[in-house]
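Trainee: Protein sequence lines correspond, in order, to chains L and E. If you want my numbering, it's the position in the first sequence, counting the first as 1, plus 30. If you want my numbering, it's the position in the second sequence, counting the first as 1, plus 115. Below: one structure in structure tokens.
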Amino acid sequence: MGRFRGLAALALIIALLPLALPNNYYYDVAIRIGMNAIIVVGLNLLIGYAGQISLGHAGFVGLGAYASAVLSSRFGWPPLAAMLFGMAAVGVIAFVVARPILRLRGHYLAMATLGLGIIIYMVLVNESAWTGGNDGMSVRPFSLLGLTLASERAWYWVTGAVLLGAILLANNIVDSPVGRALRAVHGSEVAAQVAGIDTTRYKVRVFVLSAVFASAVGSMMAHYLGFVSPQVSSFFHSIELVTMVVVGGMASTYGAVLGAAILTTLPQLLATFEGYEMITFGLILMLTVIFLPRGLLPTIAARLRKAG
Amino acid sequence: MSKFMLRMTGIALAAFALSPGAHAQAPIKIGSPLAVTGGASFLGDPELKTLQLYIEKINGEGGVLGRKLELVSYDDGGAPDKAIGFTKRLIEEDKVDIIVGGSTTGATMAMVPLVEKAGIPFISLAGAVVIIEPVKKWVFKTPHTDRMAAEKVFEDMKKRGLTKIGLLSENSGFGQSGKKEALAVAGKYGIQIVAEEMYGPKDADVTTQLTKIKNTAGVQAIFVFGFGSGPAVVTKNIGQLGITLPHYESHGVASEEYIKLSGKAAEGVRLPAAALLVAEVLPNSDPQKPVVMGYSKTYKDRYKQDVSTFGGHAYDGLMIAVAAFKRAGSTDPAKVRDAIEQTRGFIGTGGVVNMSATDHMGLDLSAFRMLEIRNGTWTLAK
Numbered sequence: 031m032g033r034f035r036g037l038a039a040l041a042l043i044i045a046l047l048p049l050a051l052p053n054n055y056y057y058d059v060a061i062r063i064g065m066n067a068i069i070v071v072g073l074n075l076l077i078g079y080a081g082q083i084s085l086g087h088a089g090f091v092g093l094g095a096y097a098s099a100v101l102s103s104r105f106g107w108p109p110l111a112a113m114l115f116g117m118a119a120v121g122v123i124a125f126v127v128a129r130p131i132l133r134l135r136g137h138y139l140a141m142a143t144l145g146l147g148i149i150i151y152m153v154l155v156n157e158s159a160w161t162g163g164n165d166g167m168s169v170r171p172f173s174l175l176g177l178t179l180a181s182e183r184a185w186y187w188v189t190g191a192v193l194l195g196a197i198l199l200a201n202n203i204v205d206s207p208v209g210r211a212l213r214a215v216h217g218s219e220v221a222a223q224v225a226g227i228d229t230t231r232y233k234v235r236v237f238v239l240s241a242v243f244a245s246a247v248g249s250m251m252a253h254y255l256g257f258v259s260p261q262v263s264s265f266f267h268s269i270e271l272v273t274m275v276v277v278g279g280m281a282s283t284y285g286a287v288l289g290a291a292i293l294t295t296l297p298q299l300l301a302t303f304e305g306y307e308m309i310t311f312g313l314i315l316m317l318t319v320i321f322l323p324r325g326l327l328p329t330i331a332a333r334l335r336k337a338g
Numbered sequence: 116m117s118k119f120m121l122r123m124t125g126i127a128l129a130a131f132a133l134s135p136g137a138h139a140q141a142p143i144k145i146g147s148p149l150a151v152t153g154g155a156s157f158l159g160d161p162e163l164k165t166l167q168l169y170i171e172k173i174n175g176e177g178g179v180l181g182r183k184l185e186l187v188s189y190d191d192g193g194a195p196d197k198a199i200g201f202t203k204r205l206i207e208e209d210k211v212d213i214i215v216g217g218s219t220t221g222a223t224m225a226m227v228p229l230v231e232k233a234g235i236p237f238i239s240l241a242g243a244v245v246i247i248e249p250v251k252k253w254v255f256k257t258p259h260t261d262r263m264a265a266e267k268v269f270e271d272m273k274k275r276g277l278t279k280i281g282l283l284s285e286n287s288g289f290g291q292s293g294k295k296e297a298l299a300v301a302g303k304y305g306i307q308i309v310a311e312e313m314y315g316p317k318d319a320d321v322t323t324q325l326t327k328i329k330n331t332a333g334v335q336a337i338f339v340f341g342f343g344s345g346p347a348v349v350t351k352n353i354g355q356l357g358i359t360l361p362h363y364e365s366h367g368v369a370s371e372e373y374i375k376l377s378g379k380a381a382e383g384v385r386l387p388a389a390a391l392l393v394a395e396v397l398p399n400s401d402p403q404k405p406v407v408m409g410y411s412k413t414y415k416d417r418y419k420q421d422v423s424t425f426g427g428h429a430y431d432g433l434m435i436a437v438a439a440f441k442r443a444g445s446t447d448p449a450k451v452r453d454a455i456e457q458t459r460g461f462i463g464t465g466g467v468v469n470m471s472a473t474d475h476m477g478l479d480l481s482a483f484r485m486l487e488i489r490n491g492t493w494t495l496a497k
């Protein structure tokens, strides 16, 4: 039913948006929105559907970014191979740490994922021989079969296409038995176990999937920006991502996209007011949790349904 | 109908306001992505304050080429990916005439490909040598490099006949970059690094590393490369261990805070520093004296804060840019770039700047003064 309507609407927006974008700066913002949205769609599966928090997802973005940066720029790997290797490696790492971490709940899970993100950040800073340390390193542009992806316009279409693919994948998972199992875990883990669901297995799977989404975007960002620094895996970036999920709407894929759009645009509007960015982020997160606990899009949708 | 007419009049007026006649007096735009918040705010904060203060001052005196200056600054929090976004915005949306900014080496290096592609002159306020080596057509910088600090120290050691030294570096971006440069240039001055240790910026005790250096055969001096409060801990430990070897620090400790935190143990410590920090003790014959005294007074009067070398770098960058606009007689990017490259004998807070096609910083070792701490205050080392 509405499954493809949302996707078609988003595809239309992506197709028509360039008509309203006057210059490369606006393309840049749109690309950043798209990339953040891909991460957030994945993270939303974990936070919104399975009800598991992760305060370390920027760490996976960082691993993906550096896998692409180091392998393609220092070892001359083809960018696509570096990107796929990064995604696979992050998948394995996420799988290995997921079991012990996801046995924890609530604050303990938050603490463990937070720690994971910080460890990745520290490694990226300290292994300066490979990563360039705090100052970061430059990355060569993405190229495939002799074609180089360099202009903002090209990246816009690639990001848009990947975003639509990610949403299609996420929607399929949500509507599958796996998705139902995840929501059961969110509702009550004990009840889900009683119903015969191997809750840990599902939680691990969705954790790995969301980490791989993050890694893929990390690789894209590295090539798009042409530069990586450990800041991509900073704690603040993790918080930004979680805020996007919460503000847009938990367990709402399009809500996640909306959250990414709002919170990527906001810093651009606040760029001239130094120091207020963090405060604004905190305030938005707080107000959303207090007044719109379900997030922006689900609340609006519910209102509309009631009114109509 | 009347509403329609009103709207048309509005559009006509707007078009008139944007017509070329009005455009000729448009301000000269200076773009500045700076790390005003976050871990590197000690750089970005004084830089922004300095730019605001002096742009206001220059406008009060009639501006440049008969046009006002306009500062467009964005806070990148020291994050290169944000600096990239803001640089695109400055170039594409704000259409700035020059960029003076980039507080950290990371942000600057991330911005370099964008300004090179767009062909906009860029004066960076960050430290590392990689920014200007190899030379990039549109990129300049004002701060001294850590290589210069190491060279200045080694030059002084050579003069005193010290050849075997222990290097203690901080495990931070600043300390590690300094260590790399120190190791690279030591040979040039006949200095042999016989012991090499590291400490963390938040360590409360460094006696283990110091004892190792002290017990190394033949060691004649200690060189500490660190920033902020870490070197003060090292200095205190040196005092507690009773180590009497000549003790050198980097330009990273050139602040009153260091003397306060280290107390008596700081006596006799030598370090390279920009003239700005010792404005008062400079001899009157020093060509930099009026510049650094002037900047220091103006800044202190306005913000009731001590000056830092970082704000000074922004002052130098702005003044070099303004002089280049005047010499070029226009804001044409290519002409302004050439004019910056032709900067000769410019006296700034960082030193005397002589740029060339092969040197986009233009400072030599004379930009650093060798200081010695005597009776709890800075003196020029003899």
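By construction, the Cβ of each residue, glycine as well, lies at the ideal position given by its N, Cα and C atoms. Computed from a prediction, not measured in an experiment: that's the story for all the values here.
(1) Starting from residue 262 (chain L), find everything on chain E with Cβ-Cβ shorter than 7 Å and list it in chain order.
(2) Rounded to the nearest angstrom, what separates residue 390 (chain E) and residue 212 (chain E) at their Cα positions?
(3) Look at the alpha carbon of residue 109 (chain L) and the alpha carbon of residue 336 (chain L), and state the distance between them as a whole number of angstroms.
(4) Mind reading off the beta-carbon distance from residue 220 (chain E) to residue 165 (chain L)? Whole number of angstroms is fine, and I expect it under 8 Å.
(5) Using the Cβ count rule (16 or more neighbours within 10 Å means buried), how would you classify residue 294 (chain L)?
(6) Any contact of the region 417-433 of chain E with the region 158-172 of chain E, i.e. 3+ C-beta pairs under 8 Å?
(7) Determine, using beta carbons only, whether residue 228 (chain E) comes closer than 8 Å to chain L.
(8) Assuming contact is defined by CB atoms lying nearer than 8 Å, are residue 470 (chain E) and residue 455 (chain E) in contact in what I supplied?
(9) Return the Cβ separation of residue 301 (chain L) and residue 71 (chain L) in integer angstroms, given the expectation that the two are a contact with Cβ distance under 8 Å.
(10) Would you mind telling me which residues of chain E sit closer than 9 Å to residue 302 (chain L), beta carbon to beta carbon, in chain order?
(11) Count the other C-beta atoms from every protein chain shown that fall within 10 angstroms of the C-beta of residue 333 (chain L), then say buried if there are 16 or more, exposed otherwise.
(12) Within the region 218-255 of chain E, note down every full alpha helix (DSSP H) run reaching 4 residues or more, in order along the chain.
(13) Examine chain E for any beta-carbon lying closer than 8 Å to the beta-carbon of residue 151 (chain L), and answer yes or no.
(14) Name, in chain order, the residues that DSSP records as bridge partners for residue 336 (chain E).
(15) On the criterion of 16 or more Cβ atoms from any shown chain inside 10 Å, does residue 247 (chain E) qualify as buried, or is it exposed?
(16) With 16 other CB atoms within 10 Å as the buried threshold, where does residue 330 (chain E) fall?
(17) Quick one: Cα of residue 77 (chain L) to Cα of residue 137 (chain L), how far?
(18) Quick one: is residue 477 (chain E) buried, meaning 16 or more other Cβ sit within 10 Å of its Cβ, or exposed?
(19) Indicate whether the contact test is met: 3 or more Cβ pairs, each with one atom in the region 141-156 of chain E and one in the region 321-330 of chain L, closer than 8 Å.
(20) Please list, in chain order, the residues of the region 198-214 of chain E that have any C-beta partner in chain L closer than 7 Å.
(21) Compare the beta carbon distance of residue 266 (chain L) and residue 128 (chain L) with 8 Å and say whether it is the shorter of the two.
(22) Chain L partners of residue 225 (chain E), CB-CB under 8 Å?
(23) State yes or no: is the beta carbon of residue 446 (chain E) nearer than 8 Å to at least one beta carbon in chain L?
(24) Can you name the start and end residues of the beta strand (DSSP E) that residue 447 (chain E) belongs to?
(25) At 4 residues or longer, and completely inside the region 241-292 of chain L: list those alpha helix (DSSP H) runs for me, N to C.
(26) Could you name the residues of the same chain whose beta carbon sits closer than 7 Å to that of residue 95 (chain L), not counting the 5 residues immediately before and after it, in chain order?
(27) Please confirm if the region 481-495 of chain E is in contact with the region 252-265 of chain E, defined as three or more CB-CB distances below 8 Å between the two stretches.
(28) Taking C-beta to C-beta, are residue 242 (chain L) and residue 120 (chain L) nearer than 8 Å?
(29) Per DSSP, what kind of secondary structure is residue 183 (chain L) in: helix, strand or coil?
(30) For residue 288 (chain E), go through chain L and note every residue whose CB falls closer than 9 Å to its CB, in chain order.
(31) Ordered along the chain, which non-local residues of its own chain (more than five positions away) have a Cβ less than 8 Å from that of residue 298 (chain L)?
(32) DSSP state of residue 188 (chain E), grouped into three classes?
(33) Please report the straight-line C-alpha distance between residue 387 (chain E) and residue 369 (chain E), rounded to a whole angstrom.
(34) Would you tell me roughly how many angstroms separate the C-alpha atoms of residue 137 (chain E) and residue 182 (chain E), rounded to the nearest one?
(35) Under the rule that 16 or more other beta-carbon atoms within 10 Å means buried, what is residue 241 (chain E), buried or exposed?
(36) Are the region 339-347 of chain E and the region 366-383 of chain E in contact at 8 Å, needing three or more beta carbon pairs?
Mentor: Here's the rundown:
(1) By one-based count along the first sequence, residue 262 (chain L) stands at place 232. Going along chain E in sequence order, the residues near residue 262 (chain L) (Cβ under 7 Å) are 196.
(2) For the purposes of this step, residue 390 (chain E) is taken as residue 275 along the second sequence, with counting starting at 1. For the purposes of this step, residue 212 (chain E) is taken as residue 97 along the second sequence, with counting starting at 1. Those two C-alpha atoms are separated by around 30 Å.
(3) Indexing the first sequence from 1 puts residue 109 (chain L) at position 79. Indexing the first sequence from 1 puts residue 336 (chain L) at position 306. The straight-line gap from Cα to Cα measures roughly 49 Å.
(4) Taking the first residue of the second sequence as 1, we reach residue 220 (chain E) at position 105. Taking the first residue of the first sequence as 1, we reach residue 165 (chain L) at position 135. Yes, they are in contact, since the Cβ atoms of residue 220 (chain E) and residue 165 (chain L) sit about 5 Å apart, within 8 Å.
(5) For the purposes of this step, residue 294 (chain L) is taken as residue 264 along the first sequence, with counting starting at 1. Buried is the call here.
(6) yes
(7) As a position in the second sequence, residue 228 (chain E) is number 113, starting the count at 1. Closer than 8 Å to some Cβ of chain L, the Cβ of residue 228 (chain E) qualifies, so yes.
(8) Residue 470 (chain E) sits at position 355 when you count from the first residue of the second sequence. Residue 455 (chain E) sits at position 340 when you count from the first residue of the second sequence. Against a cut-off of 8 Å, the Cβ pair of residue 455 (chain E) and residue 470 (chain E) comes out as a contact.
(9) Locating residue 301 (chain L) in the first sequence gives position 271, where the first residue counts as 1. Locating residue 71 (chain L) in the first sequence gives position 41, where the first residue counts as 1. At roughly 26 Å, the Cβ-Cβ gap does not stay under 8 Å, so residue 301 (chain L) and residue 71 (chain L) are not in contact.
(10) Taking the first residue of the first sequence as 1, we reach residue 302 (chain L) at position 272. Ordered by position in chain E, the residues that pass the 9 Å Cβ test against residue 302 (chain L) are 187, 188, 189 and 190.
(11) Numbered from its first residue, the first sequence carries residue 333 (chain L) at position 303. With fewer than 16 other Cβ atoms within 10 Å, it is exposed.
(12) 220-233
(13) Residue numbering aside, residue 151 (chain L) sits at position 121 when the first sequence is read from its first letter. For residue 151 (chain L), the answer is no, since every Cβ of chain E falls outside 8 Å of its Cβ.
(14) As a first step, residue 336 (chain E) is located in the second sequence; it is residue number 221 there, counting from the start. According to DSSP, residue 336 (chain E) bridges with E:280.
(15) Here residue 247 (chain E) refers to the residue found at position 132 of the second sequence. Burial call: buried.
(16) Start at 1 with the first residue of the second sequence, and residue 330 (chain E) comes out as number 215. Exposed: under 16 other Cβ atoms inside 10 Å.
(17) On the first sequence, residue 77 (chain L) is found 47 positions in, with the first residue counted as 1. On the first sequence, residue 137 (chain L) is found 107 positions in, with the first residue counted as 1. Straight-line Cα distance between these residues: approximately 14 Å.
(18) As a working note, residue 477 (chain E) is residue 362 in the second sequence. With 16 or more other Cβ atoms within 10 Å, it is buried.
(19) no
(20) 199, 200, 201, 203, 204, 207 and 208
(21) The residue you call residue 266 (chain L) lines up with position 236 of the first sequence. The residue you call residue 128 (chain L) lines up with position 98 of the first sequence. No, the pair does not count as a contact, with Cβ atoms beyond the cut-off.
(22) Residue numbering aside, residue 225 (chain E) sits at position 110 when the second sequence is read from its first letter. Those within 8 Å of residue 225 (chain E) in chain L are 166, 168, 255, 256, 257 and 259.
(23) Residue numbering aside, residue 446 (chain E) sits at position 331 when the second sequence is read from its first letter. No, residue 446 (chain E) lies away from the interface with chain L (no Cβ there is under 8 Å from its Cβ).
(24) Reading the second sequence from its first residue, position 332 is the one you call residue 447 (chain E). Element bounds for residue 447 (chain E): n/a, residue is neither H nor E.
(25) 265-278
(26) By 1-based counting over the first sequence, the position of residue 95 (chain L) is 65. Correct list, in chain order: 248, 249, 251, 252, 258 and 262.
(27) yes
(28) As a first step, residue 242 (chain L) must be located in the first sequence, where it is residue number 212. As a first step, residue 120 (chain L) must be located in the first sequence, where it is residue number 90. Contact: yes.
(29) Position 153 of the first sequence holds residue 183 (chain L). Residue state, collapsed to three classes: helix.
(30) Walking along the second sequence from the start, residue 288 (chain E) turns up at place 173. The contacting residues are 155, 158, 163, 164 and 165.
(31) On the first sequence, position 268 is the one that residue 298 (chain L) refers to. Excluding sequence neighbours, residue 298 (chain L) sits near 59.
(32) Mapped onto the second sequence, residue 188 (chain E) falls at position 73. Residue state, collapsed to three classes: strand.
(33) Locating residue 387 (chain E) in the second sequence gives position 272, where the first residue counts as 1. Locating residue 369 (chain E) in the second sequence gives position 254, where the first residue counts as 1. Rounded to the nearest angstrom, the two C-alpha atoms are 8 Å apart.
(34) Translated into the one-based positions of the second sequence, residue 137 (chain E) becomes position 22. Translated into the one-based positions of the second sequence, residue 182 (chain E) becomes position 67. Note that residue 137 (chain E) has pLDDT 44, beneath the 50 cutoff, so the model's placement of it is unreliable and the number below is only indicative. The straight-line gap from Cα to Cα measures roughly 12 Å.
(35) In the second sequence, counting from the first residue as 1, residue 241 (chain E) sits at position 126. It is buried - the Cβ of residue 241 (chain E) has at least 16 other Cβ atoms within 10 Å.
(36) yes
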